[in-house]
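Structure first, then comments.
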Amino acid sequence: MNNTRTIDRPVIITGCSSGIGYHCASMLSKRPGYRVFATARKAEDVARLKGQGLESVQLDLAEEQSVDEAFAEIMQRTGNQLYALFNNGAYGQPGAVEDLSRAVLREQFETNLFGTHQLTRLAIRVMRAQGGHGRIVQDSSVLGFVSLAMRGAYSASKYALEGLSDTLRLELADTDIHVSLIEPGPIESKFRHNAFLMYRKNINPDASVHHDKYLAAEARLTKEGPAVPFTLPPDAVYKKLLQALEHPCPRPRYYVTFPTYLLGFLKRVLSTRGLDSVLRKIG
Ligand SMILES: NC(=O)c1ccc[n+]([C@@H]2O[C@H](COP(=O)([O-])OP(=O)(O)OC[C@H]3O[C@@H](n4cnc5c(N)ncnc54)[C@H](OP(=O)(O)O)[C@@H]3O)[C@@H](O)[C@H]2O)c1
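Okay, so the sequence shown: first residue is 0 according to numbering that gives the first Met the number 0, each after it adds one.
Right under this line is the structure:
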């Protein structure tokens, strides 16, 4: 029995099967002072994470019951204590806006927004009950404040996450519960691989006026190695996560990668039309 565990600060991370979530869970669990709950959607990933020595619980953000059960299980293990929630689990649904059915858009929001929101509310309740302190860190995206063609569903879900998070920050201003958004640009992970699966599942390029643009999107989604310049490893996000978790006064926003800094700057200085002309060249 490891007695230090009782004083370690519990942190829940969603989407730990790969990429940023996996890296952050692995690194943070080795850092003194933390007890990391590395959650994952699929049972086989939970088993794999446990095999690697991580404390893992199954949590599917798209399933309301799964979110409730996973959170209850973790709170039972921590004695209703929670230092931080890192809302990381999400996927990108590619597709032109006019090709997104209501069901496909809803599916995107079920995971990226509604499940995340459900979990955040559960976390806030515990954070308030333990004296009004804690950290909520949202893995948003550069696409949470600028849009690119063919990424409307994903961008909408991240804009919505930003809207809820900005509001939450105002509402929690009289507590010691801090809300931070991390806004990465391109990061090495399984993100494009998983987005390609959702593209195949939900989009029919042959039935679309955007057929040619889908060919370019397919090439980008299936390209080996980094698809674009300035791609960083997940550790770049982990460094910002540590600041959000450990700084006495964490920032509302953490940019990650050069494209995020550049587009953040351009959004502030350009007109909407001016920014559109830049974004059309990138997309
Ligand atoms: N990679 C980038 O360039 C980039 C840039 C900006 C922001 N982000 C954000 O970074 C976060 C992590 O993405 P990543 O780059 O690490 O991609 P990733 O390797 O695809 O990881 C995404 C994780 O989210 C999980 N997930 C998907 N649907 C879920 C659900 N219904 N319930 C619970 N977990 C679910 C995935 O699990 P499964 O394996 O079960 O699908 C996976 O563990 C996301 O929020 C993403 O939007 C990524």
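By construction, the Cβ of each residue, glycine as well, lies at the ideal position given by its N, Cα and C atoms. Bear in mind the structure is a predicted one, so any value in this text is a computation, not a measurement.
Element boundaries [alpha helix (DSSP H), containing residue i]
i	result
residue 201	190-201
residue 103	101-108
residue 274	271-281
residue 55	Careful: residue 55 lies outside any alpha helix (DSSP H), inside the beta strand (DSSP E) at 54-57.
residue 152	151-170
residue 213	210-221
residue 63	63-77
residue 40	No alpha helix (DSSP H) holds residue 40; DSSP gives it neither H nor E.
residue 122	115-128
CB of residue i within 7 angstroms of CB of residue j, strictly
i	j	result
residue 127	residue 177	no
residue 239	residue 260	no
residue 16	residue 44	yes
residue 59	residue 40	yes
residue 156	residue 112	yes
residue 230	residue 185	yes
residue 143	residue 153	no
residue 53	residue 37	yes
residue 249	residue 179	yes
residue 255	residue 265	no
residue 30	residue 9	no
residue 132	residue 173	no
residue 216	residue 149	yes
residue 109	residue 42	no
residue 194	residue 160	no
residue 81	residue 122	yes
residue 103	residue 201	yes
Where the beta strand (DSSP E) containing residue i begins and where it ends
i	result
residue 19	Run containing residue 19: none in the beta strand (DSSP E); it sits in the alpha helix (DSSP H), 18-29.
residue 132	132-138
residue 237	Looking at the DSSP string, residue 237 is not in any beta strand (DSSP E); the run it does join, the alpha helix (DSSP H), is 234-245.
residue 253	252-255
residue 180	175-183
residue 225	First-last for residue 225: undefined, no H or E at that position.
residue 11	8-12
residue 83	83-86
Cβ-Cβ separation, residue j to residue i (assumed contact under 8 angstroms), whole Å
i	j	result
residue 19	residue 236	5 angstroms
residue 99	residue 151	7 angstroms
residue 79	residue 141	With 8 angstroms as the limit, residue 79 and residue 141 do not qualify as a contact, their Cβ atoms being about 36 angstroms apart.
residue 32	residue 7	6 angstroms
residue 120	residue 251	Actually they do not touch by this definition, with Cβ atoms about 20 angstroms apart.
residue 282	residue 190	Actually they are not in contact, since the Cβ atoms of residue 282 and residue 190 sit about 16 angstroms apart, beyond 8 angstroms.
residue 117	residue 63	6 angstroms
CB contact check: residue i to chain C, cutoff 7 angstroms
i	result
residue 190	Among the chains in the structure shown there is no chain C, since it carries only a single protein chain.
The stretch 18-38 in contact with the stretch 83-93 per 3-pair CB rule at 8 angstroms | Contact holds: three or more Cβ-Cβ distances are below 8 angstroms.
Inter-stretch contact at 8 angstroms, needing at least 3 Cβ pairs: the stretch 158-173 / the stretch 133-148 | yes
Tell me, please, whether the stretch 202-217 touches the stretch 90-103 by the rule of three or more beta-carbon pairs shorter than 8 angstroms.
-> yes
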